[in-house]
Structure formats: C-alpha cells, structure tokens
Amino acid sequence: MPCFCLRHDVDALLWQPHSSPRDDMWEHIATFNALGYVQASKRDKKFFACSPNYSYAALCECLRRVFIYRQPTPMSTVLYNRKEGRQVGQVAKQQVASLETNEPILGFQATNERLFVLTTKNLFLIKVNTEN
Numbered sequence: 007m008p009c010f011c012l013r014h015d016v017d018a019l020l021w022q023p024h025s026s027p028r029d030d031m032w033e034h035i036a037t038f039n040a041l042g043y044v045q046a047s048k049r050d051k052k053f054f055a056c057s058p059n060y061s062y063a064a065l066c067e068c069l070r071r072v073f074i075y076r077q078p079t080p081m082s083t084v085l086y087n088r089k090e091g092r093q094v095g096q097v098a099k100q101q102v103a104s105l106e107t108n109e110p111i112l113g114f115q116a117t118n119e120r121l122f123v124l125t126t127k128n129l130f131l132i133k134v135n136t137e138n
C-alpha cells in the first residue's frame, strides 16, 4: 500500500495506512530529519519519493535537478564539530544530480538502489545506493 509524507516542524514524517480497519488507521514508519524544512524551500519541486527501505529520500524539480537526501549513518572515523567541540556520531549526506536535458520531467520512481526519472524523450537512471 502506498505511503504518504507530511511535514512536521522541520522533519518529514512517512505514514503507512493500514488496509484493515483498526483503531489506528495510520502507522508512522520513517522520519527524514530536516527534510520538511528543505522541501519547503524548493519552489520548483515536482515529485517526492523515498526508497522502500527508507535509506534515502529524493526531491525532483520540474526540469533537470534531482536532490538526494540520505538518512544519517554512523561514522567509521572520529569527526568533531569544531564550533561545539563535540564528537559527531552520525552524518547525513545529500547530493544533487543534474540531468543532461531541458525537457520537463514527467515521472519519478525510487527503488533501494536507483532513481528512475522520465522525460518526454528519455528515461534516466541514477544509481543511488551501491555496495561497491
């Protein structure tokens, strides 16, 4: 069953409706930290999607650009916040992909490893999560 995402303060909360009648119709299944704040600043956004395993979320503009926001992951090395002088345990990464086209984006789909972006003449594939 499809999920939907709502902004709550600065975060984006992902909700799953239940198919059977229950007292709680919706279940909170994921949070994308600060993504509510980020998506509010994107004036040209057209699509929003997240991977089925919730490892990343992506926003797509009407033309060219796709913004990829990854969930925080533990650091493999020691990293310090210089302003506060404290050790950072997790880092969330973001990326921007620019498509080599000026055609409008007509469709957008996320899988665990890839993003598919459809234009009038092309289907672009963006590798997002790879083990190698």
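First residue of the sequence shown: 7, per this note's numbering; consecutive thereafter. Even for Gly, the Cβ is constructed at its ideal location relative to N, Cα and C. Owing to the predicted nature of the structure, the values given are computational and were not obtained by experimental measurement.
Count the other CB atoms within 10 Å of the CB of residue 126; is the residue buried (16 or more) or exposed (fewer)? Locating residue 126 in the sequence shown gives position 120, where the first residue counts as 1. With fewer than 16 Cβ atoms within 10 Å of its Cβ, residue 126 is classed as exposed.
Among residues of its own chain, excluding the 5 on either side of residue 14, which ones have a beta-carbon nearer than 7 Å to its beta-carbon? One-based indexing of the sequence shown puts residue 14 at position 8. Once the five neighbours on either side are set aside, the close Cβ partners of residue 14 are 42.
From the DSSP output, which residues share a beta bridge with residue 17? Your numbering for residue 17 matches position 11 in the sequence shown. Answer by DSSP bridge pairing, in chain order: 14.
Which whole-angstrom value describes the C-beta separation of residue 129 and residue 120, a residue pair presumed to lie in contact below a C-beta threshold of 8 Å? Stepping through the sequence shown from its first residue, residue 129 is reached at position 123. Stepping through the sequence shown from its first residue, residue 120 is reached at position 114. The distance from the Cβ of residue 129 to that of residue 120 is about 11 Å, inconsistent with a contact at the 8 Å cut-off.
Pull up the distance between the alpha-carbon of residue 32 and that of residue 12, whole angstroms please. As a working note, residue 32 is residue 26 in the sequence shown. As a working note, residue 12 is residue 6 in the sequence shown. Approximately 12 Å between the Cα atoms of the pair.
Closest to residue 59 by C-alpha separation, out of 77, 111, 73, would be which residue? Taking the sequence shown and counting its residues from 1, one reaches residue 59 at position 53. Considering only alpha carbons, the answer is 77.
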